[in-house]
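Heads up, the thing below is written out as structure tokens.
Protein chains: 2
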Amino acid sequence: MRDLISTIKIQVNEKIYVKDPETSTLGKKIIKESILLIDDIGFDDFTFKKLGVKIGSNESSIYRYFENKHKLLVYLSSWYWNWMEYKLFFATNNIEDSFDKLKKAIIIVTEKIEDDEATKHINESVLNKIIISEFTKTLHTKEVDEENKEGFFLIYKNVINRIVHLIIAVNPDYPFAKSLASNIIEGALHQHFLRDHLTTITNCNENISPTDFYINLITTVLKK
Amino acid sequence: MRDLISTIKIQVNEKIYVKDPETSTLGKKIIKESILLIDDIGFDDFTFKKLGVKIGSNESSIYRYFENKHKLLVYLSSWYWNWMEYKLFFATNNIEDSFDKLKKAIIIVTEKIEDDEATKHINESVLNKIIISEFTKTLHTKEVDEENKEGFFLIYKNVINRIVHLIIAVNPDYPFAKSLASNIIEGALHQHFLRDHLTTITNCNENISPTDFYINLITTVLKK
DNA sequence: GCAAATATAATAGCAATACTATCAAATACA
DNA sequence: TGTATTTGATAGTATTGCTATTATATTTGC
């Protein structure tokens, strides 16, 4: 799987960037270092000027790759969910039993991420931290409907739809497969966030993981 | 209940504001019109300058009530969750059966909000729309840990804890009461958001509500 | 009813943000 | 080697997110 991911190019909607950052060393540097800088100072305080200083490049050069920092975050998110979809595919591909398959998928989308060494310019572990704390901001804008029409969130929706199909395979009579799937994806990020910051309103800690919570949830909810 | 709410003053942590907006007409105007303006143009584009123009007041006058727009949003959120807690209390107070009580509570926190005419300077229906699209931004900042220590999110956590107690009353053996409660509160906002913007990844629409989804969820999850 | 206290408005100003434009220098590539 | 493309450097603009100061209302306490 590691080798497969390193050869398959992660596809991101072309409208998200001005120039594809995968096509140059500066572009890859922008991706790599923006992940570290956003993790470090937070997306709200992140600017292209600061990123320029960090990578020893000019602000205006970064604008040649991304219109603004919002689009960069949408790009990083798309990259993350695309990578997640590959992981899902390879991890569940050879499982026969539909419930085991769903279970494996839930583990993949809710677990804490370790760095995948196959992608040298992206640290998935740090990217996962960004997704936990910043992903919601890609959706919660006044432009969400336009951007949705442009296909900015297609990859994210693909991941959810993959889970939807697995849920239906387990229990075709369950009437809320889509809501359950979107709830688990969003909810897992939220439980990770609560574990890190608002510890009194989650059961998740060093011993109990969001994965435990959601595996228990689907087991009872989809029981026939 | 309507009368009770109009007499009980909604309490908000004093550290959130510079001067209590409930103590003056300008303060109340700031609250009332900021809700409408944030709903109109979105929190990201909202500025004190624009609000000043809208209420025919000076930017600097608004700064005497709130340090910045983030604090104003935290204030509006606190007000909302405090109001929600009153609603929860009065709606569940006289119910004996623990499951009916929980069910009623879930209806209250997940349903679409109509304006409560008892509070003249706050349109709860519009405030609910803001909470759906902007509440997550109060938490997802680099300052979340400090602000949590200062008690900025106490009222929000109170609402969740109230649900936690109701869950435990229904099934004391269920091991994820806190995660379930925080998932439902956050998840319901998210399902409302998806219904409005990303309709393909939710079952919620004009006929099926987030309430239906979560009532079904607790019914199966907490079954003994 | 008047003085004192307080609240609000008006204006100015400053540093940072979020860009755009232009031109020069470096690099790639044919 | 010449040309195209990419990057860097510099400058500039409108807006944001404030703070400070002073003037003018408005409230209140006696």
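Residue numbers (full-length UniProt numbering), protein chains in the order written: chain A, 1 to 224; chain B, 1 to 224. C-beta atoms are modelled at their ideal positions from N, C-alpha and C, and glycine is treated no differently. Source: prediction; values computed, not measured.
| Check | Outcome |
| --- | --- |
| Contacts that Gln191(A) makes with chain B (C-beta to C-beta distance below 8 Å) | Ser179, Ser182 and Asn183 |
| Interface residues of chain B facing residue 232(A) [CB-CB closer than 7 Å] | An answer regarding residue 232(A) cannot be provided, because it is not within the stretch 1 to 224 covered by chain A. |
| Segment contact, 8 Å Cβ cut-off, at least three pairs: the stretch 60 to 69 of chain B with the stretch 26 to 37 of chain B | yes |
| Between the CA atoms of Thr202(A) and Ala105(B) - distance to the nearest angstrom | 19 Å |
| As assigned by DSSP and simplified to three states, the class of Ser24(A) | coil |
| 4 or more residues per run - each alpha helix (DSSP H) lying fully within the stretch 85 to 117 of chain B | 98 to 110 |
| Proximity of Ile167(A) and Leu102(A) at Cβ, strictly below 8 Å | yes |
| Inter-stretch contact at 8 Å, needing at least 3 Cβ pairs: the stretch 146 to 161 of chain A / the stretch 170 to 177 of chain A | no |
| First through last residue of the alpha helix (DSSP H) which encompasses Tyr214(B) | Pro210 to Val221 |
| Cβ separation of Lys19(A) and Tyr65(A), assumed to be a contact under 8 Å, to the nearest whole Å | 5 Å |
| Pro175(B) at chain A interface by Cβ criterion, 8 Å | yes |
| Assigned secondary structure, Arg2(B) (DSSP; H/G/I helix, E/B strand, else coil) | Unreliable positioning characterises Arg2(B) in this predicted model, as indicated by a pLDDT of 48, which lies under 50. The coordinate reading is nonetheless provided below. Looking at Arg2(B) - three-state DSSP - the assignment turns out to be helix. |
| C-beta contact flag for residue 226(A) and Leu73(A) at 8 Å | Outside the shown range of chain A (1 to 224) lies residue 226(A), about which nothing can therefore be said. |
| Rounded C-alpha distance that separates Ile132(B) from Ser34(B) | 16 Å |
| Start-to-end residues for the alpha helix (DSSP H) that takes in Ile140(A) | Ile is not the amino acid found at residue 140(A); the sequence shown has His there. Careful: His140(A) lies outside any alpha helix (DSSP H) and carries neither H nor E. |
| Under the three-state DSSP convention, the category Asp44(A) falls into | coil |
| DSSP three-state assignment for Tyr156(A), whether helix, strand or coil | helix |
| Nearest-angstrom Cβ-Cβ length linking residue 249(B) and Val144(A), presumed shorter than 8 Å | Residue 249(B) lies beyond the residue range present for chain B, which begins at 1 and ends at 224; the question has no answer from this structure. |
| Where Lys71(A) meets chain B, residues with beta-carbon distance less than 9 Å | Chain B residues near Lys71(A): none, gap ~14 Å exceeds 9 Å. |
| Secondary structure of Asp173(B), DSSP reduced to three states | coil |
| For Phe153(A) and Thr138(A), the rounded distance between their alpha carbons | 9 Å |
| Integer-rounded CB distance, given that Ser78(A) should sit under 8 Å from Val12(A) | 5 Å |
| Run of the alpha helix (DSSP H) containing Ile132(B), from where it starts to where it stops | Glu124 to Glu134 |
| Inter-stretch contact at 8 Å, needing at least 3 Cβ pairs: the stretch 112 to 128 of chain B / the stretch 206 to 222 of chain A | no |
| Contact under 8 Å by Cβ, Phe90(A) with Lys69(A) | no |
| Cβ neighbours of Val109(A) in the same chain (closer than 8 Å, five flanking residues each side left out) | Met84, Leu88, Val159, Ile163, Ile184, Ile185 and Ala188 |
| Spatial distance of Lys50(A) from Phe135(A) (CA atoms) | 21 Å |
| Listed by chain order, chain B residues near Leu194(A) by CB distance under 7 Å | Ser182 |
| Neighbour list for His165(B) in chain A, Cβ cutoff strictly below 8 Å | By Cβ distance, chain A contributes nothing, its closest Cβ being about 12 Å from His165(B), past 8 Å. |
| DSSP state of Phe193(B) mapped onto helix, strand, coil | helix |
| Residues near Leu194(B) by beta carbon distance below 8 Å, same chain, minus five either side | Ile201, Thr202 and Cys204 |
| 7 Å CB neighbourhood of Glu67(B) in its chain, flanking five on each side removed | Val18 |
| Span of the alpha helix (DSSP H), counted from its first residue to its last, around Glu59(A) | Glu59 to Tyr63 |
| Residue from Gln191(B), Leu180(B) and Leu37(B) whose Cα sits closest to the Cα of Ala181(A) | Gln191(B) |
| Test: Asn68(A) CB closer than 8 Å to a CB of chain B | no |
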